[in-house]
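Those protein sequence lines, which keep their order, are chains H, G, Y and P. Per this note's numbering, the very first residue in the first sequence carries number 34; after that it's consecutive. Per this note's numbering, the very first residue in the second sequence carries number 9; after that it's consecutive. Per this note's numbering, the very first residue in the third sequence carries number -9; after that it's consecutive. Per this note's numbering, the very first residue in the fourth sequence carries number 20; after that it's consecutive.
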Amino acid sequence: MKQIKHLMGLELKARLKRTIILAILVLTFCLTIFSSGAAGQEDTENNQPVSDEGFFNRFITYVKNLFSGEEGKLHSSGEIPKTGAADIQQSAEPEQAVLKIATPDVIKSASLVGDTSLGIFAHLSNPPLMKMDAEGHIVGQLAENYSVSENNTRWTFYIRDDLYWSDGEKVTPEDVEFSIRYYGEKTPWASWINDTLENSTVSDADNSVTFKFNKPYTRVNMEFATYDILPAHVWKKIENPVEYTSNGPYVGCGPYYLKLIDLNAGKLIFEKNPYWKGKMPEFETVEIHFYSNVDVATLALKNGEADSYYKYAGSYPYSGIEQLEKTGNFDFLEKTNVGLVFLAPNLKKAPFSDPKFREALADSINYEELARLETLGYGEVPNSGFVPSAMENYKETEKLEYSPEKAREILKKAGYSDSNGNGILEGKDGKDIKLEILIRPDYARTGELLDEYFEQIGLSADLKTVDSDTWITLKDSYNYDLTVTRSTPWGMLMHSSWGSGYFDSRRTGQGVMHNLEDPAFLQLCDNILATTDSAELQKYAYELQDYYADNLPAIPLYWSKSVTPFNRHFEGWYADPLYGIYNLDTFTNVTKVEA
Amino acid sequence: MKILPRNTLLERNTLLERNTLLERNTLLERNTLLERNTLLERNTLLERNTLLERNTLLEVRDLEVSFQGMETVTVLSGISFSIKESETLALVGETGCGKSVVAHAIMNLLPPESRVKGNIEFRGKSLSEMNEKEMAKIRGREIAIIFQNPSLALNPVYSIGHQLVEPLCVHQKEKKKTALYRVALALKRMGFVNFSECMNYYPSWCSGGMNQRFLIAASTILNPALLIADEPSKGLDKKCITELEAELKNLKMESKSALLLISHDLDFVRRLADRIAVMYAGEIVELANSSSLFENPLHPYTRGLLNSLPEKGFIPIPGFSPPLNSLPSGCRFHPRCPLREKRCIRVHPEIKETGEKAVRCFLYP
Amino acid sequence: MSEIARKVTRYFTSLVLIIIINFILPRLMPGDPVKNLIGEDAYVSEEVMEELRAELGLNLPFSEQFISYTSNLLHFDLGYSYHLHAPVAEILLNKMSWTLIFVGVSVVIGTLLGCFLGALAGWKPERKASHFTSFTFVVLSCIPPYFLALLTLYIFSFKLGLFPSKGFYDTPEIGSVLHHLFLPVCVMSVFSASRNFLVMRGSVIQEKEQLYALYARAKGLYNTDILFRHIIKNASLPIITLLALDFGFLFSGALFIEIIFSLNGMGVMIYNAIMGKDYPLLQGAFLVIAFTALLANMFADLLYILIDPRVRGGSMDESV
Amino acid sequence: MNQFDCTDNSCMKEAGIEGFSEKKSEGSNFEFPEETSYWIFQKHKGFQGLFNRIGVFLFILFVLMALFPSVFAPYAPEERFIPYEAPSEEHLLGTNDIGNDILSELAFGARISMTVGFMAALISTLIGTALGLCAGYFRGALDELLMGFTDVVLVIPKIPLIIVMGAFLRPSIWILISILGLLSWESTARVTRSKTLQLRGAGYVKSAQCMGFSSYHIMKSDIFPNIIHILFPKFMLATASAMISEASLSFLGLGDLSMKSWGMMLSFAFSQGGFIRDMWWWYMPPGICITLCVLSIALIGFGLEAKEGEHFKEGANTL
């Protein structure tokens, strides 16, 4: 006993007191910082209801649930009410009406116009004029229909008259005209509008807007399927939209309006647009949750924290599909992907400029194994015509097959022999051919496989991994031998469609190779751009695909399916090749069903 | 070749030892100390003869200490002596004969791998059987120790005041304020003029001498019954030693505390000690009161020691004291003993008590 | 006083050197920030690119850019981030506050835990418990930080579903923040505790041998009293230098944990800025980290002088 | 006696203020061997002895694995089988996403991870010692300059530098080695500097100076031999931290694809869905291997440091 009193000697007590004070200080410190952090989003709508779910009882429910046997599987309709912001305006039925989508496309800043991925998500609140239907045709969305005249220079769009902004104003053709001109002046990637738009007139009579361009352009309807229509009376005041950021509500005319952007919680919240006259969506709120780590997204799907998955121009990771199948309450929407992964040789550099050499390369790749390993069965061996079957005017060209012997013969016949007998073929200049495959980290596995295939036919190959920025610099300066890259759905439709945008040397851009100068190809592209007549377009499309099959400017590696998992409790998903499930039809048709 | 006597060599080392500005301004204190010094001389004489009636404070009976390192080394064997109330016993011997181990053994401060045999009784209570807790209660309150290297013995990161207050707080649970006041008083008694400033100095700022006096103040603040001074004079220059002497004498006078003085400096010991025990190679070879030891030393080693004093002609003892892990057979002094006989080499002599004296040598059967 | 002057010049030169490196390093990196701004699919003609470069001031020669950079710096204007469309200072403040909470709290917990256990382990090394804690902390310090984070995320969040696995909070209130930050803070504090533990244990063993520890025992202090009253203050001196040195590491350590727990704090922001070649944000972020590291070193020196009178030297001489 | 006292005193004070560690050594000069000798018998049997042996054993195992990977690996690392296979007889640790056998990949990974670790540590220790020696020996302006430079190097971020180097040269483990080596000599420099400061005050260095040896000679022949015994543990600990940084950097995808180290295996496991498919046999082995290898090196490092501790204590006392 004496010792304990002894222990509480003056010095030690002071020391304990000091540590306790320090701990309290640290706690208050992080509270103040946190409150300043939360207050940082000052224009958050203050009616953000502080959820009644305190940390303590949430922890208790978790632990209770843990011991009640379900190992980590929380039913979405289970006893734990989600603390989403919407559960306050809970409609009559017990479960809350919130549709949650998981996505890996994390937005960097809360700028509707400035951030490209936020621009895509904003299609729900500010839908563009046109949209692409399931078969790949461009049809009207905000505009009922459109008409083209004067040799493809005058485009007239007839706007639907039952559209209202979420602040009650009516959607007018002035809004559409303002939005298109606004993008032209203010955003660099829409600067082509500024250069080519002569004038634009609005007629209230038939609720239409007409754009007159100074030169014929057949793809205006395609381009207008990507620009979100903004309310003129709101955005007029904003001088520099690219730099304008706000987390607060944006005025939208779609079925939902963008209510809150919460970067720290990593989610977007869309509320039902009270003035929406179209088909009433079932859900009060749509939440888009950002997951920078795909495994965590799969976990969210398994735990019911998310109902479906969306990735722009990409599929749900094939390796995670089996996990969702095991849970048994997921269905999968499969659509052949318009984009594909391809091997792009540097056409400006020997020996890749020699078509025979490219043909040999094409024959040396084991497409079956590549498809099996990369897409785990959700992909197929591609045709030499490069364009996947999901595209309009698809032409069946001859399939690529794996025949290393044929490849070696082609090389020998084309004059690449192994004179010094070291097992490596020499190029026309007599030196050993050293292929350097330039890849980005996410194509590492593909690069390894290609490396091994080329080694088998006597070409010494090496991998060079670089980060995406270095890749762009090296690609634009043609400082590479071969490189593996992908095409996106929009990229395939770009320029004169069917992937021509990637090869036409007259076009620059981040993802494009711009390495094909063959005049025949360039003429073919110009012909496609000059006509809107479908029969002519089909003829040129077939010519283009035959050109790809004969010359192999790029060797497609595999055609993959874009797979979108969705919870069985929901039905009515609708996907289009351009934006997958993220379109108005999905959000207005999806209903909750008791599986 | 005349070898410089050891302690002048010592002085050059102490000069190197940090000796800061403060040292100089305590000039005025020094003369106050000198008068008190002469006063003390007179009454120690009359006091010496009342030594016999007081009861024994500390009884050490054939203490043996060995260390289990790579191989077991017996550092001390057959040590027995006793100290009466307010009596000063000095333990004298060359460096390496285990004097400090005795002090540590008494205070039970030896490292864990040491093995202690024999019995140490303090006021009837046997110290060797006590566990750490009970021992902690005695240390500092009843037995205090002054280590030899004052600068290292004081904690470098705490102020002097804080360290002096500690024994009071630990043992007597005093409030910081009253304890500080008592410390100030003790420093004033020690002769410090600027004691309030000294309280918040740090050991690294003061010289060796200053630190030594702080140590003494710290150890004697609870006026312990027994004070063990382990080589207090080592590392101090001449004038500090005289001050230290005055200090210890003053201490014996006022607090009546017994003093176990461990040193190798014979002059210092002669002036202070009532009885002196001479140690050689881990055992006591002669025990006598100081005056008789200096007049007629019995043991050849004691004689050799006295002859090596400056006033006796600097005659050093040939050879070196044996390392403790390889002791010679028989009498441990025989390799260096001029009066060596055959039996000294074979048989190890026992210590023989003759009245006040005790000696371990065959010359005195 | 010359020592203080010397220290100030040293820190000033380091700061100037850092500012220069800060400017050059991002520009050395290949890739063109403007291209990054456009996005993967958009087709943009060359003149528009040129116009954008001019707008961002990238077409000026290096020297002019450097002068404008330093002049802005003097007015504490860190410039405008290309990607995050906000002034860099504001972004840094917000992101820094999050990372500081999460890193700061874990450092505090880690240091307290590490020092306390280290002291006890050093005080009686031969005890079974000391062996066990020493071995576990040595093993913990050898595990790569991100692997430890992966395992904890997998076990506690995937398998047991006890903790959410993304973001700083669901709803901005303290409950969900603590719930979200619990795992990352645990991983970070375990990691910083293991670094402190080893240093503390070593220095306690060393200080235990000193004479003042023996004297404390001779003064009648019992067992752990000696440790807490005397040895800990001496033994904690190397910890201060370790904390100052560790500051740079903490931000990079936080990067991995932020990537795995998908918290968009400072680390992830820097990583994205590197990948997206967002020069102003990069320069601002590195400058802030460098500045805090230097501040930490200066603070460590100050603390050292405060705690250890020996380094403070004979200030007593002047006063007499 | 007095006048002699004050002249001597001034030069002592100047040396006194230099640094805390130096003051401690100055104090220890005055200890006489007699009374602290019996402290030395305290041997650290338990902790150091046992773990030291485990460390050495593990270290030898990993070095063998690095030198002769084919002994441990049943197949060639590039050979492909059925992907995502659970552990079975012919594939003790199963196969990864493109079918390579994980055990053979692990065996061949040892060589790369350890070479990166040791080479980087070698570079950083060499630079650290050189700078520490010069800073500690010459003191004054050079010392401040070098220490300022060290502060700056401490703060330079590794990731952008690796990307810059990766862009200009072909990205390979040599870039990782050079950057890890060039950016992590900070702690070695500080330790060497403080040790040189201590030794510079020692008697034999002063006597060497009096004999007019060139400072380079003094550093080489007097100070360096005394520093070696603290360099070796520092070298081991630098290897350990270099291996961890290599694993972390390759986790970010900045590694070299042709030479797969353990870190690369872990990053593939993380990115190709190894975790979500509960393929513990894919991500656990590389993680455990990195930890055990680093652990073995760290234990040896600590063992040496402990022995150095005792050696130093005896050294100072029997001065």
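In this text, a Cβ means the ideal position worked out from N, Cα and C, and glycines have one as well.
Can you list the residues of chain Y that H:LEU296 reaches, using a CB-CB cut of under 8 Å?
-> Within the first sequence, numbered from 1, the residue matching residue 296 of chain H stands at position 263. What H:LEU296 touches in chain Y: ASN254.
Please report the residue range of the alpha helix (DSSP H) in which Y:GLU40 lies.
-> The count along the third sequence starts at 1 and reaches residue 40 of chain Y at position 50. Residues 36 to 46.
Decide yes or no for the touch test of the segment 188 to 200 of chain Y against the segment 213 to 230 of chain Y: beta carbon pairs closer than 8 Å, at least 3 of them.
-> yes
Would you tell me roughly how many angstroms separate the C-alpha atoms of H:THR77 and Y:PRO162, rounded to the nearest one?
-> For this step, residue 77 of chain H is matched to residue 44 along the first sequence. For this step, residue 162 of chain Y is matched to residue 172 along the third sequence. Low local confidence applies: a pLDDT of 34 at H:THR77 is under 50, so the model's placement there is unreliable, with the coordinate-based value given in what follows. Cα-Cα distance, rounded: 11 Å.
List the residues that DSSP assigns as beta-bridge partners of H:ALA176.
-> Your numbering for residue 176 of chain H matches position 143 in the first sequence. The partner list for H:ALA176 (beta bridge, DSSP) reads H:ILE192.
8 Å Cβ cutoff, P:PRO102 in contact with chain H | One-based indexing of the fourth sequence puts residue 102 of chain P at position 83. Yes - at least one Cβ of chain H is within 8 Å of the one on P:PRO102.
Backbone secondary structure at H:GLY70 - three-state DSSP = Sequence index remark: in the first sequence, residue 70 of chain H carries index 37 (1-based). Caution is warranted here: a pLDDT of 37 is assigned to H:GLY70, below 50, making its placement in the model unreliable, and no coordinate value can be reported.
Pairing CB atoms from the segment 228 to 244 of chain G with CB atoms from the segment 153 to 172 of chain G, are three or more of them under 8 Å?
-> yes
Confirm, please, whether the CB-CB distance from H:ILE466 to H:LEU492 is below 8 Å.
-> Against the first sequence, residue 492 of chain H aligns to sequence position 459. Against the first sequence, residue 466 of chain H aligns to sequence position 433. For H:LEU492 and H:ILE466, yes; Cβs fall inside 8 Å.
Bridge-paired residues (DSSP) for H:GLY412 = Locating residue 412 of chain H in the first sequence gives position 379, counting from the first residue. H:GLY412 pairs with H:SER593.
Using a cut-off of 9 Å between C-beta atoms, extract the partners of G:ARG147 located in chain Y.
-> Here residue 147 of chain G is taken as the residue at index 139 of the second sequence, counted from 1. Residues of chain Y passing the Cβ test: ARG207, ALA208, LYS209, GLY210 and LEU211.
Measuring CA to CA, which of P:ILE295, P:LEU268, P:PRO179 and P:PHE243 is closest to Y:SER147?
-> Position 157 of the third sequence, counted from the first residue, corresponds to residue 147 of chain Y. Y:SER147 has its Cα closest to that of P:ILE295, out of P:ILE295, P:LEU268, P:PRO179 and P:PHE243.
Residues that DSSP places opposite G:ILE8 in a beta bridge = Here chain G covers residues 9 to 373 and nothing more, so residue 8 of chain G does not appear.
If you follow the alpha helix (DSSP H) that G:ALA113 is part of, which residue opens it and which one closes it?
-> Taking the second sequence and counting its residues from 1, the one referred to as residue 113 of chain G is at position 105. Element bounds for G:ALA113: 107 to 114.
Contiguous beta strand (DSSP E) assignments of at least 3 residues, all confined to the segment 67 to 107 of chain P = none
Residues of chain G with CB under 8 Å from Y:TYR202, in chain order?
-> On the third sequence, residue 202 of chain Y is found 212 positions in, with the first residue counted as 1. Chain G residues near Y:TYR202: LEU160, ALA161, LEU162, ASN163 and PRO164.
Cross-chain neighbours of P:ASP120 in chain H, by beta carbon under 8 Å | For this step, residue 120 of chain P is matched to residue 101 along the fourth sequence. Result: empty, since nearest Cβ-Cβ is about 15 Å, beyond 8 Å.
Environment of P:MET230 [buried if 16+ CB atoms lie within 10 Å] | Looking up residue 230 of chain P in the fourth sequence gives position 211. When all chains shown are included, P:MET230 counts as exposed.
Mind checking whether H:VAL596 and H:GLU367 have CB atoms under 8 Å apart?
-> Counted from its first residue, the first sequence places residue 596 of chain H at position 563. Counted from its first residue, the first sequence places residue 367 of chain H at position 334. Yes, the pair counts as a contact, with Cβ atoms nearer than the cut-off.
By DSSP, does P:GLU54 sit in helix, in strand, or in coil?
-> Here residue 54 of chain P refers to the residue found at position 35 when the fourth sequence is read from its first residue. Only weak support exists for where P:GLU54 lies, its pLDDT of 32 falling under 50; the value from the coordinates is given anyway. Here P:GLU54 sits in helix by DSSP.
Is it true that the CB of G:PRO331 sits closer than 8 Å to the CB of G:ARG340?
-> Along the second sequence, read from residue 1 onward, the residue named residue 340 of chain G stands at position 332. Along the second sequence, read from residue 1 onward, the residue named residue 331 of chain G stands at position 323. Their beta carbons are not under 8 Å apart, which means G:ARG340 does not touch G:PRO331 by this criterion.
Starting from H:GLU425, follow the beta strand (DSSP E) in both directions and report where the run begins and ends.
-> Translated into the one-based positions of the first sequence, residue 425 of chain H becomes position 392. Counting along the chain, H:GLU425 falls outside any beta strand (DSSP E), and DSSP gives it neither H nor E.
Apart from the five residues on each side of it in sequence, which residues of its chain come closer than 8 Å, Cβ to Cβ, to H:SER352?
-> Working through the first sequence from its first residue, we reach residue 352 of chain H at position 319. Cβ neighbours of H:SER352 beyond the five flanking positions: LEU409.
Tell me the DSSP bridge mates of H:PRO378?
-> Here residue 378 of chain H refers to the residue found at position 345 when the first sequence is read from its first residue. The partner list for H:PRO378 (beta bridge, DSSP) reads H:LEU515.
Same chain only: Cβ atoms within 6 Å of G:LYS242, ignoring 5 sequence neighbours per side | Within the second sequence, the letter at position 234 stands for residue 242 of chain G. Correct list, in chain order: GLN156.
Cutoff 8 Å; reference H:VAL327; Cβ partners in own chain excluding five residues on either side | Numbered from its first residue, the first sequence carries residue 327 of chain H at position 294. Closer than 8 Å at the Cβ level, and outside the excluded window around H:VAL327, lie PRO137, PRO350 and GLY353.
In chain order, each beta strand (DSSP E) run of at least 3 residues that lies wholly inside the segment 146 to 220 of chain P | none
CB contact below 8 Å: P:CYS70 versus chain Y | If you number the fourth sequence from 1, residue 70 of chain P lands on position 51. As written in the sequence, residue 70 of chain P is Phe, which differs from the Cys given in the question. Yes, because at least one Cβ of chain Y sits closer than 8 Å to the Cβ of P:PHE70.
Could you please give me the residues that DSSP links to G:ALA296 through a beta bridge?
-> Stepping through the second sequence from its first residue, residue 296 of chain G is reached at position 288. G:ILE284.
Identify whether H:PHE62 lies in helix, strand or coil by the three-state DSSP scheme.
-> Taking the first residue of the first sequence as 1, we reach residue 62 of chain H at position 29. Low per-residue confidence applies at H:PHE62: pLDDT is 46, beneath 50, and the placement is therefore not dependable enough to give any value.
What is the residue span of the alpha helix (DSSP H) that G:LEU97 lies within?
-> Counting from 1 along the second sequence, the entry for residue 97 of chain G is found at position 89. No alpha helix (DSSP H) holds G:LEU97; the beta strand (DSSP E) holding it covers 96 to 100.
Between the Cα of H:ASN240 and the Cα atoms of H:LYS203, H:MET255 and H:ASP261, which residue gives the shortest distance?
-> As a working mapping, residue 240 of chain H is identified with position 207 in the first sequence. Nearest of H:LYS203, H:MET255 and H:ASP261 to H:ASN240, Cα basis: H:LYS203.
Report the neighbours of P:GLY167 on chain Y: residues whose CB is nearer than 7 Å to its CB, in chain order.
-> Residue mapping note: residue 167 of chain P aligns to position 148 of the fourth sequence, counting from 1. Chain Y residues near P:GLY167: ARG0, THR3 and SER4.
Alpha carbon to alpha carbon, what distance is there between H:LYS335 and H:LYS359?
-> If you number the first sequence from 1, residue 359 of chain H lands on position 326. If you number the first sequence from 1, residue 335 of chain H lands on position 302. Spanning the two alpha carbons is a distance of roughly 10 Å.
Pick helix, strand or coil for G:SER215, following the three-state DSSP scheme.
-> Taking the second sequence and counting its residues from 1, one reaches residue 215 of chain G at position 207. Correct three-state label for G:SER215: coil.
Quick one: is H:GLN356 near chain P, going by C-beta distance under 8 Å?
-> Position 323 of the first sequence, counted from the first residue, corresponds to residue 356 of chain H. By this cut-off, H:GLN356 is an interface position.
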